[in-house]
Each structure stands twice: as structure tokens, then as C-alpha cells.
Amino acid sequence: MLYLYIVVLFCSWHVIKEDFMYYVDYHMHSSHSPDCSESPENQILAAISKGIDEICFTDHIELGFSDWNYREMDIDRYIHDIRAFQEKYKQIKIKIGAEIGVSCSDRDLDRTIEAVNSHSFDFVIASAHRIKNINVFNPSFYEDDGFQDFCKKYIVVLLQSLEKTSDLVYNSIGHIDLPIKPACRIIPDFPYKEFKYEYAASEIDELLKYIISHGKCPEINTASWMLPNGAVPECKWLKRYAELGGQYVTIGSDAHIKQTVGNNFDKAVDLARSSGIKYLAVYNKMEPEFISL
């Protein structure tokens with residue numbers, strides 16, 4: 002059944018570029034996010050200066066999250082702002098997206114789904130930034146269970162959250178390897194350099210099978226590669242995704258400042274290719290188009 006689904010999906014794909022000379026950043030933030038102060042225009046100008054062809058703003062819709070001072074994004078103002086920049090900067094494709102926090106209460110998840118459904122987005126990332134309403138940057142997660150145990154817990158919570166989320170409101174799964182970021186920032190001389198597949202192999206397999214069967218993809222998020230001890234990871238989970246039938250990804254820098262817009266895009270492409278990924282996805286009104294890698 003899964004194989005049939007993949008065949009049908011593949012036959013309906015629209016491959017927009019066969020030769021790979023197209024640079025994108027499909028995960029970036031601006032001052033519309035409660036955790037970012039960089040203006041959208043600064044981010045756009047940075048992308049243009051780096052020769053990026055297409056960007057997608059994915060500012061946070063993280064409802065009911067106390068660690069962000071309950072400052073929820075004004076979605077109407079955000080969309081109005083980005084549309085104005087679409088008109089101003091014709092030399093680059095600017096898409097309007099969102100990063101939605103799905104590991105929240107059922108009430109906040111219902112509000113999130115309604116927020117997405119009542120607005121016009123090109124692309125939406127589903128992410129988990131909290132567990133039991135506690136920020137993943139809270140040191141208690143690492144002190145109590147240890148890093149590898151937390152990796153398992155994180156993936157389980159992400160999958161459980163996706164299972165409660167409408168398939169219609171998101172396209173890609175954000176930063177599967179997120180736990181490495183807070184760990185490296187919180188714990189001095191942290192011994193782990195990356196979130197390895199082996200730390201949560203069975204949990205990651207279940208997550209990957211789920212997103213493939215539901216027509217979603219993971220992103221390659223390059224933010225963890227910019228940590229003080231960061232390096233381009235081996236990403237066996239990405240190879241496993243290809244082995245299970247996954248064929249495309251999105252790539253994003255998770256930039257919160259202009260200096261990191263588009264960072265490590267070429268390395269992400271090389272990683273995708275070496276892992277067996279065939280396509281890079283870009284989106285228009287929640288529908289994917291595919292660029293051959």
C-alpha cells in the first residue's frame with residue numbers, strides 16, 4: 002500500500018528544474034517571530050547578496066508558549082508585510098510560510114490548525130519546541146535522562162503531535178535533530194557532536210514511515226552545523242529516509258540573523274545527494290514543485 006502511494010505521488014510530481022543551479026532557503030525568521038529581532042528586509046537583502054534564488058519566511062506560530070512571553074505572531078500583519086516585500090524585490094522569489102509548534106496542548110493545536118486554515122500560506126513546517134509545555138532549551142531534559150534518552154523522547158513527542166495534526170496544515174517536518182542545538186548551548190564541553198540515528202533508531206523509523214505515508218518530507222536544517230563544535234553531520238537518519246522510500250527534502254538555515262541566511266546550502270545538497278535523496282522541494286500555495294538533485 003505504501004509502495005502504491007509513493008508511485009501515485011511520484012507520477013503527479015512536477016519537476017521544475019532538471020539541472021541543479023537553484024539556491025533556496027526554506028526556513029528563516031524575522032522580527033514577526035517572538036524569538037527574532039531581524040527585520041524581514043534585512044533577511045531579504047542578505048539572501049539577494051548571497052545569490053539565493055528563492056526564500057520562504059517561516060515565522061513562528063507557537064501558540065500558548067509561555068517561554069516566549071506569550072507574544073503570539075500577528076499573522077495578518079506578517080502576511081501583509083511579506084507581500085509588500087514581494088512587490089518591492091522582484092529579483093528574488095519570496096514565499097510566505099510558517100513554522101507551527103505542534104507539541105502543545107490540544108486546545109492550542111486546534112487554534113494552530115485554525116490559524117493556518119484561515120490564512121494563505123505557501124509552505125508550513127511542523128516542529129516540536131516543547132515537551133509537556135517545557136522549552137526544549139530547559140537544562141532539566143538533559144540532566145535527568147541524558148542526551149540519548151532525550152533524543153528518543155523528543156522523536157516520540159514529535160510523532161505523537163503529528164498524529165494529532167491535520168495533514169492539510171503542514172508540508173515538512175522541522176529539524177529532526179533539534180536536541181543537539183540546546184544541548185551544545187546549555188552544557189559546557191558537551192561530548193556529543195550530532196544527533197545520531199543510533200540514539201533513537203526505532204523511534205526515527207516510525208517517524209519517517211509516518212511522514213512518507215502521509216506525503217510529507219523532512220527538512221535538512223543547517224543551524225546545528227553552525228554550533229561552536231558543529232560540523233556537517235553524517236545524518237544516517239536521512240539515508241534511512243531514502244531507504245524507506247523518501248525522495249525529497251526541503252533545506253533551510255533556520256536563520257534568525259542576516260549573517261546566517263542560506264548558510265551551508267551547498268553542503269546540505271551534497272548531503273542529500275550522498276544519502277540517496279533525488280529532489281529538493283519548493284512550494285507554492287502548499288503544493289510542492291521539485292528540483293532534481
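If you're matching positions, the sequence shown starts at 2 in the working numbering and goes up one per residue.
Note that the Cβ used here is the ideal one computed from N, Cα and C, for glycine as well.
Next item on the list: Could you please give me the residues that DSSP links to CYS57 through a beta bridge?
Entry: Within the sequence shown, numbered from 1, the residue matching residue 57 stands at position 56. Looking at the DSSP assignment, CYS57 forms a beta bridge with LYS96.
Check: Excluding the five sequence neighbours on either side, which residues of its own chain have a C-beta within less than 7 Å of the C-beta of VAL8, listed in chain order?
Finding: To locate residue 8, count along the sequence shown from 1; it is residue 7. In this prediction, VAL8 has a pLDDT of 37, which is less than 50 and means its spatial position is unreliable; what the coordinates show is noted afterwards. If we look at VAL8 and ignore the five residues flanking it on each side, it has no Cβ neighbours.
Notebook entry, point to check: So, is SER293 buried or exposed, given that buried needs 16 or more other C-beta atoms within 10 angstroms?
Noted result: Taking the first residue of the sequence shown as 1, we reach residue 293 at position 292. SER293 sits exposed, since fewer than 16 C-beta atoms from the chains shown fall within 10 Å of its C-beta.
Next item on the list: Spell out a yes or no on whether the stretch 131–143 and the stretch 72–87 are touching, meaning 3 or more CB-CB pairs, one atom from each, closer than 8 Å.
Entry: Three or more beta-carbon pairs separated by less than 8 Å are not found between the stretch 131–143 and the stretch 72–87, which leaves the two stretches without contact.
Item checked: Chain-order list of residues whose beta-carbon lies under 7 Å from that of LEU160 (same chain, five-residue window excluded) -> The sequence position of residue 160 within the sequence shown is 159, counting from 1. The residues are GLU207, LEU208, TYR211.
Notebook entry, point to check: Does DSSP put ASP26 in a helix, in a strand, or in coil?
Noted result: Position 25 of the sequence shown, counted from the first residue, corresponds to residue 26. Under the three-state reduction of DSSP output, ASP26 falls in the strand class.
Margin query: Helix, strand or coil for LYS18? Go by DSSP, reduced to three states.
Written below: Taking the first residue of the sequence shown as position 1, residue 18 is located at position 17. A caution first: LYS18 carries a pLDDT of 47, below 50, which makes its placement in the model unreliable, though a value can still be read off. If DSSP states are grouped into helix, strand and coil, LYS18 belongs with the strands.
Checklist line | Reduced DSSP secondary structure (H/G/I, E/B, other) of ALA129 | finding: Numbered from its first residue, the sequence shown carries residue 129 at position 128. DSSP places ALA129 in coil when its eight states are reduced to three.
Next item on the list: Enumerate in chain order the residues of its own chain whose CB-to-CB distance from TYR23 is below 6 Å, with the five nearest sequence positions on each side excluded.
Entry: Position 22 of the sequence shown holds residue 23. Residues of the same chain with a CB within less than 6 Å of the CB of TYR23, apart from the 5 flanking positions on each side, are ASP54, ILE292 in chain order.
Note to self: In chain order, what are the residue ranges of uninterrupted beta strand (DSSP E) at least 3 long that sit wholly in the stretch 146–191?
What the structure shows: Segments of the beta strand (DSSP E) lying fully in the stretch 146–191: there are none.
Item checked: TYR242 beta carbon less than 8 Å from that of TYR280 -> Walking along the sequence shown from the start, residue 280 turns up at place 279. Walking along the sequence shown from the start, residue 242 turns up at place 241. Their beta carbons are not under 8 Å apart, which means TYR280 does not touch TYR242 by this criterion.
Margin query: Can you tell me which residues form a DSSP beta bridge with LEU281?
Written below: Translated into the one-based positions of the sequence shown, residue 281 becomes position 280. Under the DSSP definition of a beta bridge, LEU281 partners with VAL250, ILE292.
Next item on the list: Take the Cβ of MET2 as the centre, count every other Cβ of all protein chains shown within 10 Å, and call the residue buried at 16 or more, exposed below.
Entry: Numbered from 1 along the sequence shown, position 1 holds the residue referred to as residue 2. Its pLDDT being 42, under 50, MET2 is placed unreliably in this model, and the coordinates cannot settle the point.
Check: So what's ILE76 in DSSP terms, helix, strand or just coil?
Finding: Position 75 of the sequence shown, counted from the first residue, corresponds to residue 76. Note: ILE76 maps to helix in three-state DSSP.
Next item on the list: Would you please state the rounded distance, in angstroms, between the beta carbons of CYS105 and SER173? I believe it to be under 8 Å.
Entry: Within the sequence shown, the letter at position 104 stands for residue 105. Within the sequence shown, the letter at position 172 stands for residue 173. Wrong, their Cβ atoms sit about 18 Å apart, outside the cutoff.
Check: Per the contact definition of three or more C-beta pairs closer than 8 Å, is the stretch 82–89 in contact with the stretch 119–136?
Finding: The answer is no - the stretch 82–89 does not touch the stretch 119–136, with fewer than three Cβ pairs under 8 Å.
Notebook entry, point to check: By Cβ distance below 6 Å, which residues in the same chain neighbour MET287 in space, the five residues on each side in sequence not counted?
Noted result: Numbered from 1 along the sequence shown, position 286 holds the residue referred to as residue 287. No residues qualify anywhere along the chain.
Margin query: Using a 10 Å radius around the Cβ and a threshold of 16 neighbouring Cβ atoms, would you call GLU164 buried or exposed?
Written below: What you label residue 164 is simply residue 163 of the sequence shown in a count that begins at 1. If you draw a 10 Å sphere on the C-beta of GLU164, you find fewer than 16 other C-beta atoms in it, and that means exposed.
Check: Looking at the structure shown, is GLU220 part of a helix, part of a strand, or coil, going by DSSP?
Finding: Against the sequence shown, residue 220 aligns to sequence position 219. Collapsing the DSSP output to three states places GLU220 in a strand.
Next item on the list: Might you give, ordered along the chain, the residues of its own chain that have their beta carbon closer than 7 Å to the beta carbon of CYS152, omitting 5 neighbours on each side?
Entry: If you number the sequence shown from 1, residue 152 lands on position 151. Taken in chain order, the residues that qualify are PRO180, PHE196, TYR200, ALA201.
Note to self: Can you give me the C-alpha to C-alpha distance between ASP255 and GLU42, rounded to a whole angstrom?
What the structure shows: Counting from one through the sequence shown, the residue named residue 255 turns up at place 254. Counting from one through the sequence shown, the residue named residue 42 turns up at place 41. If you take the alpha carbons of ASP255 and GLU42, they lie about 16 Å apart.
Notebook entry, point to check: When the Cα atoms are used, what is the spatial distance from ASP168 to ASN285?
Noted result: Position 167 of the sequence shown, counting from 1, holds the residue named residue 168. Position 284 of the sequence shown, counting from 1, holds the residue named residue 285. In a straight line, the C-alpha of ASP168 is about 17 Å away from that of ASN285.
Checklist line | C-alpha gap between ILE62 and SER162, whole angstroms | finding: Taking the sequence shown and counting its residues from 1, the one referred to as residue 62 is at position 61. Taking the sequence shown and counting its residues from 1, the one referred to as residue 162 is at position 161. Cα to Cα, ILE62 sits roughly 15 Å from SER162.
Margin query: Using a Cβ-Cβ cutoff of less than 6 Å, which residues in the same chain neighbour ALA269 once the five nearest sequence positions on both sides are dropped?
Written below: The count along the sequence shown starts at 1 and reaches residue 269 at position 268. Same-chain partners within the cutoff: ILE221, THR223, ILE252.
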